[in-house]
Amino acid sequence: MDRVCWKCFEGSFDIEEFIRANGTVSRCDFCRTTRIRTISVEHLVEFLREAFEKAYGSAVEDLPYDSAEGGYQGTTWSTAELLLDHVDFPRDERNKLFLRLVGEIGDDTWCEYDWTSLEVDQALLIGWEHFCEAIKHHRRFFFQEFGVDADDHDSISPARMLDVILRWVHELKLIRTLKSGEIVYRARASSKMAPFTTAQELGPPPVEAALQANRMNPIGIPMFYVADRKETAIAETPGNELSLGHFRILKDLRVVDLAKLPPVPGFFSSESREKRQTIQFLYKFRDAIEQPVARDNAAHLDYLPSQVVTEYVRERGVHGMVIDGVCYRSAKISGALNYVFFATSANVVPKAKSKWYELPQDLWFKLTKSETKKIRNRGS
1 MDRVCWKCFE GSFDIEEFIR ANGTVSRCDF CRTTRIRTIS VEHLVEFLRE AFEKAYGSAV
61 EDLPYDSAEG GYQGTTWSTA ELLLDHVDFP RDERNKLFLR LVGEIGDDTW CEYDWTSLEV
121 DQALLIGWEH FCEAIKHHRR FFFQEFGVDA DDHDSISPAR MLDVILRWVH ELKLIRTLKS
181 GEIVYRARAS SKMAPFTTAQ ELGPPPVEAA LQANRMNPIG IPMFYVADRK ETAIAETPGN
241 ELSLGHFRIL KDLRVVDLAK LPPVPGFFSS ESREKRQTIQ FLYKFRDAIE QPVARDNAAH
301 LDYLPSQVVT EYVRERGVHG MVIDGVCYRS AKISGALNYV FFATSANVVP KAKSKWYELP
361 QDLWFKLTKS ETKKIRNRGS
């Protein structure tokens, strides 16, 4: 009974881990390495076939066949093609291991898992595009059942699109809590002669002053955009003269964290096909809502999808949890974070008008320091 080691699959992480976890120390019959974790070829073949059957269908059982039209009526793959697509063979110089696996698995003809339906990530991506189209050009508010095709079982309505996103936000544990006492930063373009120094100036604008649409908020609905550190806030704010506010968080705040999505599970991982493909979609979704938008007449349209998602999160919460904001990646500094909080000027400690001044009840932030920054070597 031949045995194969994990180094014969170096680069195919899930296969490496499977052999490490289930193998025993012996000699590899393929690369001849001694005293290394190996597994029987038969045991490995069971593992590989199970993964293929989870991701692909059998053409013999699933696809219509018409010899006059060239055979199977759909895309097909051989076992050899699947192995070459999904497995690394860094030590298999004469294809001995590759040919052995093809023979053991059987050179079947494989097809799409369900050739009559879209893959999960494809359905979600099309659903997102449909959502963006509906929000931008058809219905801004009562869009719940807009565009549902009763004859198309892959059709995802705009409202269901949002529910699917929130469901996976919960299942993937993308909720994070910023603790009371943490510091966040906001910068505003200003001048040396007239810097901004107060919470009212550096905090979220009052409703009557929220006259500009941004990535997550439409005109008239103020939100509070801050960064995880000073450098991020400065990099995200245009201008050479800036006022920078340091804000201490006064209560635990819960955010949807789009900055730290989990890695996409490998093809041979034990995770479900749906989970793997949904995470693939979430990466594309995150890229779409983080996409820089030019400040032109069309900007308000391009921001609409992310604004509606944000408002949905704000109003619905996630799995019964109230959500206070969204975390997303900085476009300016790799690894840095931005936050948008659903906070208004009433949630920031104001400057007391007198010692008898009564503070608002629901306080989220307090300005602890303001400073001016002169930024050199960049455009205004």
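Just so we're aligned: 365 in full-length UniProt numbering is position 365 of the sequence shown, and the numbers increase by one with no gaps anywhere. Every residue gets a Cβ at the ideal spot worked out from N, C-alpha and C, and that includes glycine.
For this session: Determine the closest residue to F98 out of R329, A80, N377, with distance taken between C-alpha atoms.
Result: A80
Exercise. How long is the line joining the alpha carbons of L242 and K374, rounded to whole angstroms?
Worked result: Going by the C-alpha atoms only, they are around 6 angstroms apart.
Problem set entry | L44, DSSP secondary structure in three states | helix
Exercise. Can you list the alpha helix (DSSP H) stretches of 4 or more residues lying completely in the UniProt domain "RES" (204-351), in chain order?
Worked result: If we require 4 residues or more, the alpha helix (DSSP H) runs fully inside the UniProt domain "RES" (204-351) come out as 230-236, 273-290, 299-316.
Problem set entry | Runs of alpha helix (DSSP H) lying entirely within the region 19-68, each at least 4 residues, in chain order | 41-55, 59-62
Exercise. Is DSSP giving V102 helix, strand or coil here?
Worked result: helix
Problem set entry | Assigned exposure category for M161 - 16 Cβ within 10 Å defines buried | buried
For this session: Between the Cα of E50 and those of F18, F196, L258, spot the shortest distance and give me the residue it belongs to.
Result: F18
Exercise. Just the Cα atoms here: how many angstroms apart are R37 and T310?
Worked result: 49 angstroms
Exercise. Short check: CB of V255 to CB of G325, under 7 angstroms?
Worked result: yes
Exercise. Do you know how far the Cα of G203 is from the Cα of E315?
Worked result: 22 angstroms
Exercise. With burial defined as no fewer than 16 other Cβ atoms inside 10 Å of the residue's Cβ, what is the status of I156: buried or exposed?
Worked result: buried
For this session: Given a cut-off of 7 angstroms, decide if Q307 and P222 are closer than it, judged by their beta-carbon atoms.
Result: no
Problem set entry | Residue closest to L166, alpha-carbon to alpha-carbon, out of F341, L124, C31 | Of the candidates F341, L124, C31, the one whose C-alpha sits nearest the C-alpha of L166 is L124.
Exercise. DSSP state of T79, grouped into three classes?
Worked result: helix
Problem set entry | Own chain, CB closer than 8 angstroms to L337, minus 5 neighbours either side, in chain order | A227, D228, T232, A259, C327, Y328, R329, S330
Problem set entry | chain B within 7 angstroms of G127, Cβ atoms only | Absent from the structure is chain B; it holds one protein chain and no more.
Exercise. To which residues of the same chain is Q277 closer than 7 angstroms at the C-beta, ignoring the five residues directly before and after it?
Worked result: E119, V120, D121
Problem set entry | DSSP beta-bridge partners of F94 | A small fix is needed here, since residue 94 is Arg in this sequence, not Phe. Per DSSP, none; premise fails for R94.
Exercise. For S117, is the classification buried or exposed, using 16 other Cβ atoms within 10 angstroms of its Cβ as the cut-off for buried?
Worked result: exposed
Problem set entry | Integer-rounded CB distance, given that L250 should sit under 8 angstroms from L282 | Their Cβ separation, rounded to whole angstroms, is 31 angstroms, which puts L282 and L250 out of contact at 8 angstroms.
Problem set entry | Same chain, Cβ closer than 7 angstroms to K52, five either side skipped, listed in chain order | Checking the sequence, you will find Phe at residue 52 rather than Lys. L82, W110.
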